[in-house]
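Below is one structure, written out as structure tokens; comments come after it.
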Amino acid sequence: MRYAVINAGGAGTRLWPLSRASFPKQLLSVRGGKSLLRLAYERLEGFVPDERIFVCAGTTHQQVIMEHLPELPEENFLGEPVARDTANAIGLACAVIVERDPEAVAAFVTADHVIEPVESFREALGTAFDTVEAHPQMLATFGVPPTSAHTGLGYIERAEPLPDAPNRAGPGGGPAVFGVSAFTEKPDAATAQAYVAGGRHLWNSGMFVWRADTLLTQLHRHLPGAYDGVTRIAKAWDTAERTTVAEKAYAELPKISIDYAVMEPAARGEDDARVVVVPMAVDWIDVGAWPALARTLANDPAHNASNAVTVLVDSEGNIVVSDDPEHLVATVGLRDTIVVHTPDVTMVCPKNDAERVKDLVARVRQTHGDRYA
């Protein structure tokens with residue numbers, strides 16, 4: 001049967017101080033008062049039954065996540081004692097699902113993206129499910145046609161279409177599934193521009209579909225320590241020993257992403273699995289930093305993006321955010337700057353330095369511990 005797992009374990013430090021360790025970015029409201037996590041869940045509604053939707057996140061966030069997703073069965077929350085990146089989060093989910101359904105095909109989707117229209121997302125998801133069900137050794141990922149030479153995203157180089165790949169209906173048509181030649185993580189500006197101009201590269205969405213047992217086979221081959229750990233946890237998942245086993249095993253897991261651990265070696269043809277990409281023609285916002293979040297906010301005629309009560313005099317191109325609807329943010333002569341107000345932190349930085357907010361959080365921790373982080 002078909003399953004879906006929402007990966008919701010990101011820390012979101014580049015969206016500090018709105019995103020905190022206790023309230024990470026996937027819980028922030030972005031569309032109609034709904035959180036990114038809620039939007040991710042609703043994209044799956046009607047496509048995968050509630051009882052086969054899982055959420056993988058830190059154990060400390062279980063209560064607040066269940067408040068955002070009251071339909072989620074409690075046993076479908078997959079808690080990680082500590083963060084060990086996506087190879088282990090995905091491996092754990094696959095191991096738990098295989099214990100319930102040895103032939104399960106599972107989609108892994110993100111909790112920190114805005115994806116519209118939902119219909120196009122679901123069409124691509126259905127194509128990936130159909131492809132993997134027909135070809136159990138395939139590892140399917142999704143690529144978004146780039147609209148700019150973004151240097152903060154990964155890229156997928158597509159190869160030739162699958163010989164028996166389905167064609168898309170409607171305007172545009174064309175093959176719906178392609179082979180993958182290579183992955184590139186966050187290229188420099190010149191390389192990103194060449195990728196966009198060449199027409200063979202897609203943004204790496206970080207979402208996947210595969211048979212759960214196929215992924216575990218890949219994990220066993222490329223990252224045996226992680227395979228041993230997550231399968232040991234899965235065996236104890238429905239027992240009283242779950243917490244003890246999980247805490248001990250997770251402490252020993254190597255911290256590595258699924259791209260580095262599995263997808264890149266498989267794309268190089270190092271084993272019998274084949275990596276394919278399904279182009280997803282959507283408006284896609286990876287809400288990883290303030291400029292991306294700004295795309296979800298209202299803009300004034302001077303291109304200031306804000307959700308706050310503001311008075312902006314001779315100010316242009318700014319991002320102004322507050323979590324207090326009664327707090328006024330006022331600026332004079334300010335340009336291309338991020339201003340974020342919370343009850344205990346005010347953060348100001350140039351938009352060009354948005355990626356450095358992560359470094360700022362590290363410095364805050366060094367100076368003040370976890371009080372403001």
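Per full-length UniProt numbering: the sequence shown = residues 1 to 373. C-beta atoms are modelled at their ideal positions from N, C-alpha and C, and glycine is treated no differently. Predicted, not measured: the structure shown is a model, and the values here were computed from it.
Straight-line Cα distance separating residue j from residue i
i           : j    : result
G126        : V282 : 15 Å
K34         : G288 : 17 Å
S22         : H61  : 7 Å
G199        : L297 : 30 Å
residue 400 : A226 : Summary: the structure shown does not reach residue 400, with the chain confined to residues 1 through 373, and so no result is reported for it.
A89         : M66  : 18 Å
P301        : E71  : 41 Å
G9          : N318 : 29 Å
V340        : F54  : 33 Å
H303        : E133 : 46 Å
M280        : V196 : 16 Å
W203        : A240 : 42 Å
V364        : V278 : 41 Å
P350        : L219 : 41 Å
D50         : V313 : 49 Å
F208        : H135 : 15 Å
G154        : T191 : 12 Å
A95         : L28  : 30 Å
L216        : D336 : 46 Å
A354        : P291 : 7 Å
V98         : L293 : 36 Å
G46         : A189 : 40 Å
Residue i classed as buried or exposed, judged by whether at least 16 other C-beta atoms fall within 10 angstroms
i           : result
G91         : buried
K255        : exposed
G170        : Low confidence applies here, because G170 scores a pLDDT of 47, under 50, leaving its location unreliable and the question unanswered by this model.
Q63         : exposed
E103        : exposed
L39         : buried
M1          : exposed
T243        : exposed
T164        : The sequence shown places Asp at residue 164, rather than the Thr named in the question. Its Cβ having fewer than 16 others within 10 Å, D164 is exposed.
D259        : buried
residue 382 : Given that the chain is displayed from residue 1 to residue 373, the structure contains no residue 382 and the question cannot be resolved.
T371        : The identity of residue 371 in the sequence shown is Arg, whereas the question assumes Thr. Burial call: exposed.
D112        : buried
T131        : buried
N307        : buried
N352        : exposed
E270        : exposed
R268        : exposed
P17         : buried
Cross-strand partners of residue i (DSSP beta bridge)
i           : result
A4          : I53, A107
K351        : Its beta-bridge partners do not exist; DSSP assigns none.
V340        : V321, M347
S29         : S35
V114        : I285
residue 374 : The chain is shown from 1 up to 373; residue 374 falls before or after that span and cannot be answered.
I156        : F183, L202
F47         : Bridge partners of F47: none, in fact.
W210        : A106
R274        : M138
T331        : L312
Backbone secondary structure at residue i - three-state DSSP
i           : result
V177        : coil
W16         : coil
residue 375 : Residue numbering for the chain in the displayed model covers 1 to 373; residue 375 lies beyond these limits and cannot be assessed.
E316        : strand
M280        : coil
S120        : helix
D286        : strand
A40         : helix
H61         : helix
P265        : helix
P146        : coil
P161        : strand
A308        : coil
F129        : helix
R221        : helix
A373        : coil
L297        : coil
A240        : coil
T86         : helix
A11         : coil
A21         : coil
T191        : helix
A302        : coil
T367        : helix
residue 417 : With the chain covering only 1 through 373, there is no way to say anything about residue 417.
Rounded distance between the beta-carbons of residue j and residue i, thought under 8 Å
i    : j    : result
K186 : G143 : With a Cβ gap of about 15 Å, K186 and G143 do not count as contacting.
L139 : V275 : 5 Å
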